[in-house]
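Number of protein chains: 2
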Amino acid sequence: MEILAEKKKAILESTLKLIKENGFHGTPMSLVAKKAGVAAGTIYHYFDSKDTLIMELFAYTQHRIQEALQGNLQEGMDLQENFFLRWISRCQFYIQNPDVLFFLEQFMISPYYARCSQVTNERFRSEIMQFIEMGHRHGILRDIDQKLMSIMVHSSIITAAKVHLDGKVTLGDKEFRQLAQMIWDSIRKL
Amino acid sequence: MEILAEKKKAILESTLKLIKENGFHGTPMSLVAKKAGVAAGTIYHYFDSKDTLIMELFAYTQHRIQEALQGNLQEGMDLQENFFLRWISRCQFYIQNPDVLFFLEQFMISPYYARCSQVTNERFRSEIMQFIEMGHRHGILRDIDQKLMSIMVHSSIITAAKVHLDGKVTLGDKEFRQLAQMIWDSIRKL
DNA sequence: GCGCCCCGAATGAACGTTCAATAGACATAA
DNA sequence: TTATGTCTATTGAACGTTCATTCGGGGCGC
Numbered sequence: 022m023e024i025l026a027e028k029k030k031a032i033l034e035s036t037l038k039l040i041k042e043n044g045f046h047g048t049p050m051s052l053v054a055k056k057a058g059v060a061a062g063t064i065y066h067y068f069d070s071k072d073t074l075i076m077e078l079f080a081y082t083q084h085r086i087q088e089a090l091q092g093n094l095q096e097g098m099d100l101q102e103n104f105f106l107r108w109i110s111r112c113q114f115y116i117q118n119p120d121v122l123f124f125l126e127q128f129m130i131s132p133y134y135a136r137c138s139q140v141t142n143e144r145f146r147s148e149i150m151q152f153i154e155m156g157h158r159h160g161i162l163r164d165i166d167q168k169l170m171s172i173m174v175h176s177s178i179i180t181a182a183k184v185h186l187d188g189k190v191t192l193g194d195k196e197f198r199q200l201a202q203m204i205w206d207s208i209r210k211l
Numbered sequence: 022m023e024i025l026a027e028k029k030k031a032i033l034e035s036t037l038k039l040i041k042e043n044g045f046h047g048t049p050m051s052l053v054a055k056k057a058g059v060a061a062g063t064i065y066h067y068f069d070s071k072d073t074l075i076m077e078l079f080a081y082t083q084h085r086i087q088e089a090l091q092g093n094l095q096e097g098m099d100l101q102e103n104f105f106l107r108w109i110s111r112c113q114f115y116i117q118n119p120d121v122l123f124f125l126e127q128f129m130i131s132p133y134y135a136r137c138s139q140v141t142n143e144r145f146r147s148e149i150m151q152f153i154e155m156g157h158r159h160g161i162l163r164d165i166d167q168k169l170m171s172i173m174v175h176s177s178i179i180t181a182a183k184v185h186l187d188g189k190v191t192l193g194d195k196e197f198r199q200l201a202q203m204i205w206d207s208i209r210k211l
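Chain order of the listed sequences is A and B. Just so you know, the first sequence maps onto residues 22 to 211 in this note's numbering. Just so you know, the second sequence maps onto residues 22 to 211 in this note's numbering.
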């Protein structure tokens, strides 16, 4: 994700926002164009088709997530604190970037997702996976398939963020720590 | 959900299957008609619009879930066993009815879902909620909002079923019990 | 003049929905 | 029994709309 042309970035961001508001299929290219302040044809200068636009949007969001989440780990932190930090900061990232969250949700259950390579598929969960590998090496996590565990953890994060954003239940700092504790207790050996 | 006219049921079932295969918006009414063995116009005899069809499909699946899940609880079962049974049997229901699972997933993140009343919204999670209320009354569950807890539990079930169906990780009996144990440890007081 | 970026009206396909027409079931009247 | 009318179930071609995509052209830097 080098320096993106202004317009290309505008198109990606507009698509992200529109998908959040109108859903995946309630976002015609014409609307994207209008919101991005470009002509319909311009989109096709940067993207082959709507499909490619969406695939690239996935890569783009992955990039944003990784950028936001790296570097909030200090040395010598104990494993539980490390987990809490990762769980809560990712949850807060989704809450602060609801458009990314909504897009990912839609994307992950769409046929597009299946089309990405396994690797691409999982990169956006990588820092969770990384933690789980470490935890296993230390022998403090349950003996459960690591990929499965990372999917379960990630799903808990997404669910919590969604509940918060929907306003179904109001979550404060205390609740986030409680949730992280729940998930932590579900993956560690008791 | 009284005795449904043959055709009405055929339309609902066809829609369910098509949505699983082609996604929510890859299922035009024309395809539904063909698969159900009726003419396009016939659908509109039973449903006002595609929207209503989908809303009724939600009610229909709710009904199927409740029917399948009621009555697998025996008296005098201890709470943990009770939870395991509920968790695993719902997970297995989703695995045996992937079309229901896929539909629910799509439905829950669509604007349709927001349009249902809160009550309708939550009825299909009711037997989980019911368990959590009971657990709280017994004082064995963590002090966390019950609705939140039930959403987290349900999301874990859906995630596990999906992982299994996607073939990302193969889950056998042992794995289901391990997962149920994980979730159990995440909601009970330690 | 060539290449790049950009425009937006035009195109054509796909889709949800409508409707005039048909068929059958059932009842009533002759 | 036959004729007539009514009501519901069903059909599928036709309609109007929406949408992704195309394309001929314009501006601008080199």
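Think of the CB as a built atom: it goes at the ideal place given N, C-alpha and C, for glycine as much as any other residue. Everything numeric in this text was worked out from a predicted model, so none of it was measured.
{"Asked": "ALA31 (chain A) at chain B interface by Cβ criterion, 8 angstroms", "Found": "no"}
{"Asked": "PHE79 (chain B): first and last residue of the uninterrupted alpha helix (DSSP H) it sits in", "Found": "71-90"}
{"Asked": "C-beta atoms of ARG163 (chain A) and ARG107 (chain A) nearer than 8 angstroms", "Found": "no"}
{"Asked": "Spatial distance of ALA31 (chain A) from ALA57 (chain A) (CA atoms)", "Found": "5 angstroms"}
{"Asked": "Residues near TRP205 (chain B) in its chain [Cβ-Cβ closer than 8 angstroms; skip 5 each side]", "Found": "GLN101, PHE104, PHE105, TRP108"}
{"Asked": "Alpha-carbon to alpha-carbon, LEU200 (chain B) and LEU211 (chain A)", "Found": "14 angstroms"}
{"Asked": "Through-space distance from SER35 (chain B) to LEU78 (chain B), alpha-carbon basis", "Found": "10 angstroms"}
{"Asked": "C-beta atoms of LYS189 (chain B) and LYS168 (chain A) nearer than 8 angstroms", "Found": "yes"}
{"Asked": "Residue from B:SER51, B:MET98, B:ASP120 whose Cα sits closest to the Cα of ARG85 (chain B)", "Found": "B:ASP120"}
{"Asked": "Segment contact, 8 angstroms Cβ cut-off, at least three pairs: the stretch 61-81 of chain A with the stretch 133-141 of chain A", "Found": "yes"}
{"Asked": "Whole runs of the alpha helix (DSSP H) within the stretch 105-139 of chain A, excluding any shorter than 4 residues", "Found": "119-129, 132-136"}
{"Asked": "Contacts of THR82 (chain A) in chain B (Cβ-Cβ under 7 angstroms)", "Found": "Those do not exist, as THR82 (chain A) stays about 16 angstroms from chain B at its closest Cβ, beyond 7 angstroms."}
{"Asked": "Beta-carbon proximity of ARG146 (chain B) to HIS175 (chain B), cut-off 8 angstroms", "Found": "yes"}
{"Asked": "Beta carbon proximity, THR16 (chain B) to chain A, threshold 8 angstroms", "Found": "Limits of chain B in this structure are 22 at one end and 211 at the other, which puts residue 16 (chain B) out of reach."}
{"Asked": "Any C-beta of chain A under 8 angstroms from that of VAL190 (chain B)", "Found": "yes"}
{"Asked": "Test: GLU126 (chain A) CB closer than 8 angstroms to a CB of chain B", "Found": "yes"}
{"Asked": "Cα-Cα separation, MET22 (chain B) to LEU25 (chain A)", "Found": "In this prediction, MET22 (chain B) has a pLDDT of 44, which is less than 50 and means its spatial position is unreliable; what the coordinates show is noted afterwards. Each residue's alpha carbon lies about 54 angstroms from the other."}
{"Asked": "is_contact[GLN113 (chain A), chain B] using C-beta, thresh 8 angstroms", "Found": "no"}
{"Asked": "Same chain only: Cβ atoms within 7 angstroms of CYS112 (chain B), ignoring 5 sequence neighbours per side", "Found": "ILE178, ALA181, ALA182, PHE197"}
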